[in-house]
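Accompanying notes for the structure given below.
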Amino acid sequence: MKLLLDMDKQEDSGDCDGVGGAMDIMGMYGHSATIHGVSKVADPQIYRFRRWVWSILLISMAVGLAVVLYMQFTRFFEYPTVTMVNAEFHDELRFPAITICNINQYDRVRLPFAEDLRTLLYNLSEFSDLQGYLEHIDQRNYHYSSPMSPVDPGTYLYDSVMYAAPLLEELFLLCMWKGKKLDCQDVMERVITDVGVCYRFNGNISDPYIAGDTGPNHGLRVLLDIKQNNSFFSSTSQSGVKILVNEPDEAPILDNAGWFVRPGTSSNIGIRKEEFIGLKKPYKSFGTSYCLDTQQDGFKTPLSRYPDYSYTRSTCRKECLLKYFGEKCNCRHFFVPGPERYCSIYEFNECLLPAMRDSEIGKMMESCKGCPSTCQTVGYIPNLSSADFASSFIIDYMVTSGLLKDSQYMSNNVVDLRIYFDSLTVTQIQQKPELTIQGILADLGGLMGMFLGASILSITELVEFLALVCLAGRNRRKVSDNRTKTNSRNETEMERKNVDDVKF
């Protein structure tokens, strides 16, 4: 303050040209600066080149600090993430939705004996692709061929396969929840999935079943009869049931999900809940792609074929595929939703079946770019174990007692299935920002101290020094302007005086 007052006085008196003020400021800063090394530059030289050595060191450290800070901020705007894994313990958990599908989708007894219909179902089956590799096992030829009828409007095909689909009262022999017997008609909902007609437990979001303990006696138990003796060609050649465990508000899509359970077994599926919580844009939760925040206010699912279910990436990709088939053939498969009418047998054979087996589908699916993963997902990790449903003693007893006609029936058709939580601990995988503003500021303080021994106050000193230098420069210009005006005025007065002297 004293220095500023002195500068103002010098300016008013016209005794200062500004240079001395700037030099005084630089000298003052050089001796009082808290940035390490500045005083070594300003102090008298103890040895030759001392000032040059410290100047080079000071500049090098300042450049090094600037480079490191640039790298830090560049990294910050790349929005890197780190992953944290937490275990959350709960006293109870909402039970997931359980979808159960008989792999054998068509009952041969109820299926109309129309050759073109049966030929189509054969061609849609996995076995039609495998037959060429399996013909050497047996000399019988199962290949179907028949003329295609263009008359069928599509409803005949749909009604036929729905009539031949597994019936709840035939598939389910027993349903139990926490050891208590339930009426399967009340707790199992019929749903049409991408693999056929299935049955879903706990699909009601508003009134879910709650698990308060772990183990086989605290979950769902069902006894199933898949009736293999009446089966026909289905989409897959295996026997048994397919199980999907997911959230009640998610669409049951089993094409690329779920687990197989073979007949003749008593199978336990212990599940663990796992949650993933990703960071929203601008962070890239999945390496090179952003996630979709379905939890934000006002979010509406972009899916038109699955409006009653929440958005998932698998559902979106499924809709993209179905849209492709619908636009190509102007009709749809009898197991999929959509605005198009059902394909007739003729349209299946002429368009949809070749499109489904087209090798270009993989490339087409790669073009489904508008299907990001959700920022929050829930999954269930299974632990599957199984044993024979009944011992040979029990089976022999049932045959002897007349309870069972065929000793092989149970091993070929019956599935005893238990699904339960084997832990009420939820594994939470959560993304966090690797760099934050608070972290950057903390790093800034550490880096400034390491490179220059400086702090925020040191930066304040530097700002003050630069401000004073600018002020001194302004004062210098003022003094220079004042002197110019004074000189000009004096010259004018001298000229007038000379003129007056000439007159006299």
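According to UniProt numbering, the stretch in the sequence shown is residues 1 to 504, in order. Even for Gly, the Cβ is constructed at its ideal location relative to N, Cα and C.
Its Cα nearest to that of residue 180, the residue 217 stands out among 171, 111 and 217.
In this structure, the alpha-carbon of residue 48 lies about 56 Å from that of residue 84. In the structure shown, the three-state DSSP call for residue 439 is helix.
In this structure, the alpha-carbon of residue 422 lies about 13 Å from that of residue 89.
As DSSP reads the structure, residue 270 sits in a beta bridge with 383 and 420. DSSP places residue 301 in no alpha helix (DSSP H); its state is neither H nor E. Between residue 93 and residue 424 the beta-carbon gap is near 6 Å, inside 8 Å, which marks them as a contact.
Separation of residue 215 and residue 270 (C-alpha to C-alpha, rounded to the nearest whole angstrom) is 8 Å. Contact annotation: residue 163 and residue 110 have beta-carbon atoms nearer than 8 Å.
The stretch 234-244 makes contact with the stretch 256-276; the number of CB pairs closer than 8 Å reaches 3 or more. As for any beta strand (DSSP E) of minimum length 3 sitting wholly inside the stretch 234-258, the runs are 241-246, ordered along the chain. Here residue 267 is buried. Its C-beta has 16 or more other C-beta atoms within 10 Å.
A straight line joining the alpha-carbon of residue 201 with that of residue 322 spans about 26 Å.
Straight through space, the alpha carbons of residue 296 and residue 316 are spaced by roughly 18 Å. When rounded, the separation of the alpha-carbon atoms in residue 460 and residue 441 is 16 Å. In the structure shown, residue 399 adopts helical secondary structure according to DSSP, grouped into three states.
Non-local C-beta neighbours of residue 398 in its own chain, meaning closer than 6 Å and more than five positions away in sequence, comprise 404, ordered along the chain. Here residue 381 has 271, 272 and 274 as same chain residues with Cβ atoms under 7 Å from its own Cβ, once five neighbours each way along the sequence are excluded. Annotated as distal: residue 155 and residue 431, with beta-carbon spacing of 8 Å or more. Counting C-beta pairs closer than 8 Å gives fewer than three between the stretch 409-417 and the stretch 337-357, which falls short of the contact rule.
In the three-state reduction of the DSSP assignment, residue 229 falls in the helix class. At least 8 Å separates the beta-carbon of residue 219 from that of residue 91. According to the DSSP assignment, residue 86 belongs to the beta strand (DSSP E) that extends over 81-89.
The three-state secondary structure of residue 388, taken from DSSP, is strand. Under the DSSP assignment, residue 324 falls in the alpha helix (DSSP H) whose first and last residues are 313-329. Less than 8 Å separates the beta-carbon of residue 389 from that of residue 416. In the DSSP secondary-structure assignment, residue 196 is bridged to 193. Around the beta carbon of residue 75, fewer than 16 other beta carbons lie within 10 angstroms, which makes this residue exposed. A buried status is given to residue 221, since no fewer than 16 other beta-carbon atoms sit within 10 Å of its beta-carbon.
Per DSSP, the beta bridge partners of residue 101 are 242.
Proximity to residue 340 across 326, 172 and 347 peaks at 326, based on C-alpha coordinates. By the neighbour-count definition (other C-beta atoms within 10 Å, threshold 16), residue 362 is an exposed residue. Residue environment for residue 160: buried (at least 16 other C-beta atoms within 10 angstroms of its C-beta). Between residue 276 and residue 429 a beta carbon distance of about 5 Å is seen, short of the 8 Å cut, so the two are scored as contacting.
Ranked by Cα distance from residue 278, the first of 396, 427, 192 and 375 is 375. Annotation: residue 227 to residue 157 spans about 23 Å, alpha carbon to alpha carbon.
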